[in-house]
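> The structure follows.
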Amino acid sequence: MRFTLVQTRIDTSIFDQRYNNDETGREAYDPKILLKVVLLSYSRGLISSRQIERACKENVTFMALSCGQQPDHSTVAAFVSSMKGEILPLFRDVLLVCEEEGLLGGTFFALDGCKLGSNASKEWSGTIHELRRKKDNLEKKVKGLLEEQEQRDKMEDEDEGGGRPSGGGDRRRQIEKLQKKADRLDRWLKGHDAKIGKQGREIKSNVTDNESSLMVTSHGIVQGYNGQALVDSKKQVIVHAEVFGEAQDHHLIPPVLDGAKQNMEAIGCGEEYFAGKTFTADSNYHDPTNLKKCDEEGLDAYIPDKRFRRRDSRFGVKNTNRLGALKLFTLADFQRYEERDEYVCPNGKVFRLNRKEVVTDGVIYRWYRKDRDHCEGCELKRRCIKGKETERKYLMVPVGSVAGNLTKAMAAKVDTAEGRRIYPQRLAVVEPVFANIEIHKSMNRFTLRSKIKVNIQWMLYCMIHNIGKILNYGVRDAFT
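Residue 189 is where the sequence shown starts when you use the working numbering, and the numbers rise one by one after that.
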């Protein structure tokens with residue numbers, strides 16, 4: 189059925205302009221056949237173009253699907269990498285079939301992402317200063333090896349009966365290898381400036397793929413991309429998929445929602461398709477930028493803040509620190525002296541006003557601190573300071589909130605009985621989607637470089653996920 193779907197419901201004429209040969213030259217592979225081969229390969233966990241080439245030569249299913257043409261790995265890789273203009277229409281064609289088959293509920297949506305490594309080495313990451321220093325260290329090492337080689341050559345000339353010292357060839361190869369790395373860094377530094385993050389500060393660049401980023405995952409730190417998927421709850425169909433070279437999800441709801449709206453409009457749904465619909469995302473998305481977008485789109489959104497579990501008795505989170513089951517001090521344990529605008533800690537040390545107004549997540553705080561040496565050797569420090577490296581205690585006292593505070597309103601909404609009922613449903617909607625893609629389809633890393641190419645690969649996998657939904661839940665005889 190999946191092959192009949194590609195044959196009859198996906199418009200591959202969008203490839204014609206690129207795959208129509210001139211009067212001379214070898215006849216091009218049919219893009220419809222290449223698309224079928226790639227989709228079948230990805231669905232079986234074959235992501236490498238060399239694996240796909242081998243399957244077309246050895247696997248009878250692939251041989252029949254490719255009509256015995258046996259495209260080589262460079263052909264397959266070029267086909268996937270060049271689908272910048274075609275991937276979105278293809279994704280929408282499959283999404284349209286999902287809509288016609290009644291697989292979209294259109295009432296409840298969940299957003300999440302997975303951070304996957306890409307075809308880039310994190311060893312080539314660093315700030316501009318760090319990369320310059322690395323280049324200088326490589327050149328210094330090359331210079332030292334060259335001087336050492338000159339000394340050895342000089343000793344060889346002076347040695348009347350001596351031959352060439354052992355290891356000379358290995359040393360030359362080592363010098364050439366290090367010099368190539370230094371030259372590569374030098375060329376890259378001449379053509380690139382510092383990479384600035386959303387906070388206006390420099391973040392680490394990457395020489396191999398500068399659009400990727402260092403990301404913290406459950407398997408450690410990887411150099412890769414953040415693959416986002418917005419999922420409809422009815423049959424877990426992905427309505428929009430996109431990768432970002434950002435580790436944080438703080439600013440990703442606006443582009444994802446805009447992309448999803450365009451997709452739904454393209455398949456015949458109205459501009460207000462998402463208005464009033466339930467939208468869920470985890471606490472990583474709790475940011476004023478994201479909340480403002482949900483408010484503008486009229487979504488019934490449930491996006492908790494980082495502390496929502498502490499306020500929910502179902503999670504059983506206690507007020508303890510990692511060093512032991514000790515109850516931590518709260519603001520109520522600090523004595524307030526209004527006439528001096530000071531606080532006194534349980535050990536009798538004074539906190540004086542440091543800043544009158546600090547705005548964090550829409551909340552206005554007054555910031556108090558005491559002398560650094562007051563916390564040294566304090567027997568109550570374990571109940572007062574959480575981090576081992578923190579030198580002294582600060583007090584952030586909330587005194588108000590910014591008008592129209594979306595973060596506070598969202599936190600209160602999630603804390604309601606209705607919010608606590610709705611929000612946990614996101615786990616059953618979106619998590620199985622990533623389990624299917626990462627585990628069943630073996631999509632555990634991207635094999636391409638640059639955001640455009642990686643986005644093609646991510647959307648192909650999300651297409652395959654949606655095709656699987658059509659196969660499992662669609663009308664069986666719809667394409668026969």
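Note that CB positions come from ideal geometry on N, CA and C, so glycine has one too.
Drop a sphere of 10 angstroms on the beta-carbon of Gly415, count the other beta-carbons inside from all chains shown, and report buried for 16 or more, exposed for fewer.
Position 227 of the sequence shown, counted from the start, is the residue given in the question as residue 415. By the neighbour-count rule (16 or more Cβ atoms within 10 Å), Gly415 is buried.
> Look at the alpha carbon of Thr468 and the alpha carbon of Ala417, and state the distance between them as a whole number of angstroms.
If you number the sequence shown from 1, residue 468 lands on position 280. If you number the sequence shown from 1, residue 417 lands on position 229. Thr468 and Ala417: Cα-Cα distance of roughly 12 Å.
> For Ala520, does the three-state DSSP call read helix, strand or coil?
Position 332 of the sequence shown holds residue 520. DSSP places Ala520 in helix when its eight states are reduced to three.
> Excluding the five sequence neighbours on either side, which residues of its own chain have a C-beta within less than 8 Å of the C-beta of Pro620, listed in chain order?
On the sequence shown, position 432 is the one that residue 620 refers to. If we look at Pro620 and ignore the five residues flanking it on each side, its Cβ neighbours are Gln424.
> Have a look at the DSSP bridge pairing and note the partners of His428.
Reading the sequence shown from its first residue, position 240 is the one you call residue 428. Bridge partners of His428: Leu418.
> Buried or exposed, going by whether 16 or more other CB atoms sit within 10 Å of the CB of Asn654?
Position 466 of the sequence shown, counted from the first residue, corresponds to residue 654. With 16 or more other Cβ atoms within 10 Å, it is buried.
> Between the Cα of Ala597 and the Cα atoms of Ala435, Tyr649, Pro476, which residue gives the shortest distance?
On the sequence shown, residue 597 is found 409 positions in, with the first residue counted as 1. The shortest Cα separation from Ala597 among Ala435, Tyr649, Pro476 belongs to Pro476.
> If I measure Cβ to Cβ from Phe496 and keep anything under 6 Å in the same chain, skipping five residues before and after, which residues do I get?
Residue mapping note: residue 496 aligns to position 308 of the sequence shown, counting from 1. The answer, listed in chain order, is Val602.
> DSSP three-state label for Leu291, please.
Indexing the sequence shown from 1 puts residue 291 at position 103. The answer is coil: DSSP assigns Leu291 none of H, G, I, E or B.
> Which runs of the alpha helix (DSSP H) fall wholly inside the stretch 346 to 412 and span at least 4 residues, in chain order?
As far as the stretch 346 to 412 is concerned, its whole alpha helix (DSSP H) runs of at least 4 residues are 356 to 379.
> Measure the C-alpha to C-alpha separation of Ala666 and Glu288 and round it to an integer number of angstroms.
For the purposes of this step, residue 666 is identified with residue 478 of the sequence shown, where counting begins at 1. For the purposes of this step, residue 288 is identified with residue 100 of the sequence shown, where counting begins at 1. Because Ala666 sits at a pLDDT of 48, beneath the cut-off of 50, its placement in the model cannot be relied upon, and the point is left open.
> Could I get the ranges of all uninterrupted beta strand (DSSP E) runs contained in the stretch 545 to 613, with 3 residues as the minimum, in chain order?
Here the runs fully enclosed are 551 to 557, 582 to 589.
> Taking the continuous alpha helix (DSSP H) assigned at Gly656, which residues delimit it?
In the sequence shown, residue 656 corresponds to position 468, counting from 1. It spans 639 to 661 - the alpha helix (DSSP H) in which Gly656 sits, taken as one unbroken run.
> Using a Cβ distance threshold of 8 Å, determine whether the stretch 481 to 494 contacts the stretch 306 to 324, with at least three qualifying pairs required.
Flag = no, the stretch 481 to 494 and the stretch 306 to 324 do not touch.
> Excluding the 5 residues flanking Ile455 on each side, which residues of the same chain have their C-beta closer than 8 Å to its C-beta?
To locate residue 455, count along the sequence shown from 1; it is residue 267. Result list for Ile455: Arg280, Leu283, Leu284, Glu287, in chain order.
> Candidates Arg340, Ala370, Ile202: which alpha carbon is nearest Arg359's?
Here residue 359 refers to the residue found at position 171 of the sequence shown. Comparing Cα-Cα distances from Arg359 to each of Arg340, Ala370, Ile202, the minimum goes to Arg340.
> Give the secondary structure of Leu511 by DSSP, where H, G and I count as helix, E and B as strand, and everything else as coil.
Looking up residue 511 in the sequence shown gives position 323. Only weak support exists for where Leu511 lies, its pLDDT of 46 falling under 50; the coordinates are left without a value.
> With 16 as the cutoff for other CB atoms within 10 Å, does Arg540 come out buried or exposed?
Numbered from its first residue, the sequence shown carries residue 540 at position 352. Classification of Arg540: exposed, given that the 10 Å Cβ count is below 16.
> In angstroms with no decimal places, state the Cα-to-Cα distance between Cys650 and Leu278.
Counting from 1 along the sequence shown, the entry for residue 650 is found at position 462. Counting from 1 along the sequence shown, the entry for residue 278 is found at position 90. For Cys650 and Leu278, the distance between alpha carbons rounds to 11 Å.
> Compare the Cα-Cα distances from Asn535 to each of Thr595, Lys641, Cys566 and report the closest residue.
Counted from its first residue, the sequence shown places residue 535 at position 347. Per the Cα distances, Cys566.
> Roughly how many angstroms lie between the CA atoms of Thr153 and Pro219, to the nearest whole one?
It is not possible to answer for residue 153, since the shown part of the chain is limited to 189 through 668.
> By DSSP, does Gly494 sit in helix, in strand, or in coil?
Here residue 494 is taken as the residue at index 306 of the sequence shown, counted from 1. For the record, residue 494 in the displayed sequence is Lys; it is not Gly. In this structure, Lys494 counts as coil in the three-state DSSP scheme.
> Tell me whether Leu519 is buried or exposed, calling it buried when 16 or more other Cβ atoms sit within 10 Å of its Cβ.
On the sequence shown, position 331 is the one that residue 519 refers to. Exposed.
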